Amino acid sequence: MTEMTDGVLHTLFRTEQGGHEQVVLCQDRATGLKAVIAIHSTALGPALGGTRFHAYASDEEAVRDALNLSRGMSYKNALAGLDLGGGKAVIIGDPDVLKSEELLLAYGRFVESLGGRYVTACDVGTYVADMDVVARETRWATGRSPENGGAGDSSVLTAFGVFQGMRASAQHLWGDPTLRGRKVAVAGIGKVGHHLVEHLLEDGAEVVVTDVREESVHRVLEKHPGRVTAVLDTDALIRVPNLDIYAPCALGGALDDETVQALTAKIVCGAANNQLAHPGIEKDLSDRGILYAPDYVVNAGGVIQVADELRGFDFDRCKAQATKIFDTTLAIFARAKSDGIPPAAAADRIAEQRMADARAARTA
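Going by this note's numbering, the sequence shown opens with residue 142, and the numbers climb by one from there.
See below:
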């Protein structure tokens, strides 16, 4: 435990990946709850970000995931034009085994204890029904069901936003925003991925998919007979000949050294958070001539949707805001070209400037 704590403290206080305002370790022995709530920034407002429920290999891995994800939410919310900061939570354990109503209620009490500094929502391993339970103990739970005053499934607009990012990428690279006739590979066809497949097929794309859950693959193939092709795994997917676009839509770290070297796609644009396995990957993509649409820019549709609950949910208003992801993505590509840097670095600069301006306005 000492080694883990030392590593976390070093990350928080002495590295560029740190800089978090607050990290809370939560434990309720009666329900088996072990959770980490990480608040990266409240410069723009309360920290909004989902709760991930996952069986981590170690407690250290869980803490680091919370730190990375919360930092990403600060940048995502800033570029989405939201007056909200960035936070994220992880619950440690297998949700199929550990999740219970009592555990979710206990978690809700921890969220409430932060007094609105952190606003939660769904993420991997948590669903609308879970947020309905969490909301019984806290005012600061979004992503609830419409019956409970919420926006419902945020994956709907997450997929729509990624689709807008793909259209912008196509516009930038090929001069036309349509995906008709383009071969698109989608890795992960769960909550977000299967909605993305719908958009791609409607636009006339050729779609290839994979997922670790066989039932997810079967569902998509049965729904779209003869229109979608499946491969065994991600390793096979990235090597499919003549790919135009690769869309990582599962867990983070999808773009590592081996993947980047093997990719046949000309564009990477997907829903997964923290796709770059380590700093420098964005340059490797650029060196190979692969256009990378920063994940936290294109997957912001979901956070736009749940954030709207804080002022009374209106789907049409949210969809109109998520449509702007097309323009934001194009602006990032333009900034990257003018500054001579990869798109990921350009997106960071724009988000950091907005947060810095907000902090300066507070102290003026």
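In this text, a Cβ means the ideal position worked out from N, Cα and C, and glycines have one as well. In this text, all values refer to a predicted model and were calculated from it rather than measured experimentally.
Please state whether DSSP places residue i in a helix, a strand or coil.
i: Gln494; result: helix
i: Lys175; result: strand
i: His359; result: helix
i: Val372; result: coil
i: Ala434; result: coil
i: Gln168; result: strand
i: Leu507; result: There is no way to answer for residue 507, as the model of the chain reaches only from 142 to 505.
i: Thr143; result: Confidence in Thr143 is poor, its pLDDT being 45 and thus under 50, which makes the residue's placement unreliable; the coordinate value appears in the next sentence. Of the three classes helix, strand and coil, the one that applies to Thr143 here is helix, per DSSP.
i: Glu347; result: strand
i: Lys332; result: coil
i: His195; result: strand
Find the nearest neighbour of residue i within the set the options, judged by alpha-carbon distance.
i: Lys364; options: Arg458, Cys459, Val338 and Ala388; result: Val338
i: Leu255; options: Gly290, Met272 and Ala188; result: Ala188
i: Ile330; options: Pro318, Val297, Gly345 and Glu288; result: Val297
i: Thr512; options: Gly306, His336 and Cys167; result: The requested residue 512 is not part of the displayed model; the chain covers only 142 to 505.
i: Ala406; options: Ile431, Leu396 and Gly394; result: Ile431
i: Ala262; options: Ala388, Ser286 and Pro435; result: Ser286
i: His336; options: Leu384, Gly411 and Leu378; result: Gly411
i: Thr469; options: Arg452, Asp489, Phe454 and Phe456; result: Asp489
i: Gly290; options: Ile491, Asp352 and Arg277; result: Arg277
i: Asp506; options: Asp206, Asp398, Asp428 and Ala198; result: Since the first residue shown for the chain is 142 and the last is 505, residue 506 is missing from the structure and cannot be characterised.
i: Ile233; options: Ala219, Arg212, Leu174 and Asp457; result: Leu174
i: Thr172; options: Asp200, Gly316, Val238 and Leu417; result: Val238
Assuming the contact rule is C-beta atoms closer than 8 angstroms, residue i and residue j should be a hit. Round their C-beta distance to whole Å, please.
i: Val231; j: Val177; result: 5 angstroms
i: Val327; j: Val348; result: 6 angstroms
i: Thr283; j: Glu450; result: 4 angstroms
i: Asp498; j: Ala487; result: So it is not a contact: roughly 17 angstroms between Cβ atoms.
i: Ala413; j: Ala395; result: 6 angstroms
i: Ala403; j: Ile379; result: 5 angstroms
i: Thr319; j: Ala311; result: 7 angstroms
i: Pro435; j: Ile386; result: Incorrect: roughly 15 angstroms between the Cβ atoms, too far for contact.
Compute the distance between the beta-carbons of residue i and residue j, then report whether it is under 7 angstroms.
i: Val333; j: Cys390; result: yes
i: Gly522; j: Met214; result: Because the chain in this structure spans residues 142 to 505, residue 522 falls outside the shown range and cannot be described.
i: Asp273; j: Thr192; result: no
i: Val409; j: Asp425; result: no
i: Leu210; j: Lys229; result: yes
i: Ile180; j: Tyr259; result: yes
i: Gly222; j: Ser182; result: no
i: Pro484; j: Tyr433; result: yes
i: Glu242; j: Thr279; result: no
i: Val303; j: Val444; result: no
i: Arg495; j: Ala219; result: yes
Worksheet item: What residue ranges within the segment 200-259 form continuous beta strand (DSSP E) runs of no fewer than 3 residues, ordered along the chain?
Response: Those beta strand (DSSP E) runs which fall completely within the segment 200-259 and span 3+ residues are 226-233.
Discussion item. Which complete alpha helix (DSSP H) runs does the segment 421-494 hold, if anything under 4 residues is left out?
Written reply: 422-428, 436-439, 442-448, 456-464 and 466-480
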